[in-house]
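Protein chains in written order, with my numbering: chain W, 151 to 447; chain G, 105 to 342. Take a look at the structure set out below.
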Amino acid sequence: MLTIDFLINTISLGSLYAMIALGLVIVYGILKLVNFAYGELIMIAGYSLYVLGSLGALPWFAMAILAVLVAVVTSYATELVAFRPVRTKSLTAMLITSFAVSTLLQNAALLIISPRARAVPLPAIFSQSLAIAGLDIPIRNILTIVTALALLGALTLLLKYTVLGIALRAAADNFKMTRLLGVPANLVISVAFIISGFFAGVVALFWTGRTASVTPTIGLAPLLIAFVACVIGGMTNLLGAVVGGYVYGIVYSLLSLWLPQYLLDYREAFMFLIVILILLFRPSGLIRGNTTSERIG
Amino acid sequence: MLSLSNVHTRYGAIKALRGITLEVQEGEMVALIGVNGAGKSTTLATIAGVLHPVEGTITFLGESIVGKPPETIARKGISLVPEGREILASLTVEENLRLGAFIRRNHQEYLKDLEENFALFPILKERLRQLGGTLSGGEQQQLAIARALMSHPKLLMLDEPSLGLAPLIVDQIFDLIKTLHSRGVTILLVEQNVERTLEIVDRAYLLHTGMIQTSGSAKQVRSQVDIEGVYLGDLKRE
């Protein structure tokens, strides 16, 4: 039953989930904020694709870059306009702010565009398959895996070998001490939101690619996935997010494979059962980080 | 160089500092001494911008730094080595040092400073690739000081650098502080080990319940402490 194509599909799903989770946890690591507006960044990138596609003048790749850019700018803008003013107040204030931003963006999409699904342009290769050893393997799945690996590699290099990256890790470890060394809090937080937006944008390309459409509430599912993946892997650690994403993808695929037909609709329920078990027996996730839970504004 | 005038700082409802006035001249080594809870660490945290005073003025090199965020104050040349060292445990020794040099962007100078620090702290060279959290207490203290020096601070503030260290290591740390001072580093030192502190500093302030009780040359404060029989923790035990 565990065929090569199943394996590739599973790893592809895990790769997508890992990217989703990373975008959420990079902000969480520094601000201890679960940014509920994260899903809306994916939505905004999706609608950017739709708008650019309906204009119809650009090749897909250029549209994709622009859509990612829109997600990055939106993420940075929400940090500047919404989160920065309440940052020094309290974590609760930030959490509520993130709900507000999420609701605002969703309703903006409802009002300005439409509650109904809009078609997003897809590149031809997204619907093509590679025939390898008699198996049909969708190129989109291979692209997802390659993209995830490339981004993971790039992020690792950034975090390990640049001063800014070291500062980001330091801020997740001990924000107060990092500031005492002269690292501006605003810089670190802005960079975290920019990276988060970047991941949201890239995720949007693949997420909307599955149904070739975008709706105002499209961000909810990936937000939940990110959250669950972080609970599985551990919130305090980027590696945890990646592991959580892959574990989620693998378990979800296996459930699809092994569950009898009449239980297939309950895959999510089984997923959450697993989450409950993890919360009960390993509340800090599979990967335990050495970051603390302190934060200062 | 640094002057505080009538500084009041609160921790929530508690008034931790109640009118601190003090001064540090360039090239000086000044100590803040006093019992636990006298407000020594709070004074350093207030200068560094971790806490903001509710009243009073703080000027550094002729410029007010009241209400400025810690990163801005660090960039002006004040470096705090906090109590408990606060090593970035998940970062390597080298990464800790590299962040210490964050405000100086020149890589050549960074490498030069690194070598200078290795001369002062040979153990750090051996531990370069290790995670900060895996170092011993004494090594962490050395790293914390080395990290602060990487920024070329105009004023180095050390909060309880000998706390929790073995006697032999305490000797090393005191020698090191003397060396730094003789090299011209301006130092504001908070220490529990009053006896030894008064041996190496130029001047001292004795704090009590958030106020300055006595100040003067190390000798004056020393005799004052003896006459008044001020309880000073370590001093009485020795």
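Where is the CB? At the ideal position from N, CA and C, for every residue including glycine.
Please go through the same chain and pick out, in chain order, the residues whose beta-carbon is closer than 6 angstroms to the beta-carbon of W:Gly447, but skip the five residues on each side of it.
With a pLDDT of 40 at W:Gly447, under the threshold of 50, the predicted position of this residue should be treated as unreliable, though the coordinate-derived value follows. Same-chain partners within the cutoff: Arg237 and Thr238.
Work out the CA separation of G:Leu247 and G:Gln196 for me, nearest whole Å.
According to the sequence displayed, residue 196 of chain G carries Thr and not Gln. Answer to the nearest angstrom: the Cα atoms are 11 angstroms apart.
Which term fits G:His211, buried or exposed, when burial requires 16 or more other beta carbons within 10 angstroms of its beta carbon?
exposed
Report the three-state DSSP secondary structure of G:Gln212 (helix, strand or coil).
helix
Would G:Val154 pass as an interface residue toward chain W - the criterion being a Cβ-Cβ separation below 8 angstroms?
yes
Closer than 7 angstroms: is that where the CB of W:Gly384 sits relative to any heavy atom of the ligand GTP?
As presented, the structure is devoid of all ligands, the ligand GTP included, so that no description of it is given.
Roughly how many angstroms lie between the CA atoms of W:Pro410 and W:Ala362, to the nearest whole one?
29 angstroms
Based on the DSSP secondary-structure assignment, which residues constitute the bridge partners of G:Thr318?
G:Leu310
At which residue ranges does the segment 222-281 of chain G contain complete beta strand (DSSP E) runs of 3 or more residues, listed in the order of the chain?
259-263
Strictly below 7 angstroms CB to CB, what residues from chain G border W:Asp323?
Leu192, Ala193, Ser194 and Leu195
Burial state of W:Trp357 (16 or more Cβ within 10 Å):
buried
Do we get a CB-CB distance below 8 angstroms when we pair W:Ala320 with the residues of chain G?
yes
Give me whichever residues DSSP pairs with G:Val294 in a beta bridge.
G:Leu136 and G:Asp263
Within chain G, the residues that W:Ala317 reaches when beta carbons sit closer than 7 angstroms:
Leu203 and Phe206
Can you confirm whether W:Lys239, when its beta carbon is compared against all beta carbons of chain G, has any partner nearer than 8 angstroms?
no
Looking at chain W, is there any beta carbon in it that lies within less than 8 angstroms of the beta carbon of G:Ser255?
yes
From W:Ile400 to W:Gly303, what distance separates their C-alpha atoms?
21 angstroms
Local Cβ density within 10 Å of W:Leu430, reported as buried at 16 or more and exposed below that:
exposed
Partner residues on chain G for W:Val313, Cβ-Cβ distance less than 7 angstroms
Arg202 and Phe206
Considering only C-alpha positions, which residue in the set W:Ile282, W:Ile426, W:Arg234 and W:Pro209 is nearest to W:Ala342?
W:Arg234
Please report the distance separating the alpha-carbon of W:Thr441 from that of G:Gly237.
Note that W:Thr441 scores 46 on pLDDT, short of 50, meaning its location in the model is unreliable; the coordinates nonetheless yield the value given after this. The alpha-carbon atoms of W:Thr441 and G:Gly237 are separated by roughly 11 angstroms.
Out of W:Thr328, W:Leu373 and W:Pro271, which has the shortest C-alpha to C-alpha gap to W:Leu172?
W:Leu373
Which of the three DSSP states, helix, strand or coil, is assigned to W:Thr386?
coil
Contact check, G:Gly160 vs G:Leu108, beta carbons under 8 angstroms:
yes
Give a yes or no on whether 8 angstroms exceeds the smallest Cβ distance from W:Val333 to chain G.
yes
Would you please state the rounded distance, in angstroms, between the beta carbons of W:Leu199 and W:Met213? I believe it to be under 8 angstroms.
6 angstroms
Closest Cβ-Cβ distance between G:Leu228 and chain W: below 8 angstroms?
no
For the putative contact between G:Ala252 and G:Ile207, defined by C-beta atoms under 8 angstroms, what is the C-beta separation to the nearest angstrom?
Actually they do not touch by this definition, with Cβ atoms about 12 angstroms apart.
I'd like the ranges of any alpha helix (DSSP H) spanning at least 4 consecutive residues and lying wholly in the segment 219-286 of chain W.
241-262
Does any C-beta atom of chain G lie closer than 8 angstroms to the C-beta of W:Met385?
no
Flag W:Arg329 as yes if its beta-carbon sits less than 8 angstroms from any beta-carbon of chain G, otherwise no.
yes
Roughly how many whole angstroms lie between the Cα atoms of W:Ala259 and W:Val353?
19 angstroms
Against chain G, does W:Ile437 count as a neighbour if the rule is that its beta carbon must be under 8 angstroms from one of theirs?
no
Measuring straight from C-alpha to C-alpha, what distance separates W:Ala232 and W:Ile344?
15 angstroms
What residue range is occupied by the uninterrupted beta strand (DSSP E) comprising W:Val333?
Neither: W:Val333 is in no beta strand (DSSP E) and is coded neither H nor E.
Show which residues of chain G have a CB atom less than 9 angstroms away from the CB atom of W:Lys326.
Val154, Pro174, Pro186 and Glu190
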